[in-house]
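Everything below concerns the one structure shown next.
Numbering (mature numbering (1 follows the signal peptide of the UniProt record, and there is no 0)), first residue to last: -29 to -1, 1 to 79.
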């Protein structure tokens, strides 16, 4: 099985991202005394992905998709899958609370 140049580039980019994440988390682990460093970093990521800036970007994306559908530039199925993805991203915390049946504070 041969890999073309496009697959090789995407694999290298993914590897670079994973290595940079590993280096930053290990550097935090060496200098910190917190008990759950990875969990704290993931909570920061979740806060960034579901914060007010992310919600504003999601609303703008839905507006642009609506204009794209009206002008015929965007396929309706592509727009619907994007909108469903936005709803899942912002609704997953409520879904997890419903499934687990417990209330949590701070990070999901």
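Heads up, the beta-carbon is just placed ideally off N, CA and C, and yes, glycines get one too.
Asked, Found
"For residue 46, three-class secondary structure by DSSP", "coil"
"Cβ contact check for the segment 2 to 21 and the segment 43 to 51: 3 or more pairs under 8 Å", "no"
"Within 8 Å, strictly: CB atoms of residue 8 and residue 32", "no"
"CB of residue 54 within 8 Å of CB of residue 36, strictly", "yes"
"Same chain, Cβ closer than 8 Å to residue 39, neighbours up to 5 away in sequence not counted", "45 and 50"
"Alpha-carbon to alpha-carbon, residue 65 and residue 28", "20 Å"
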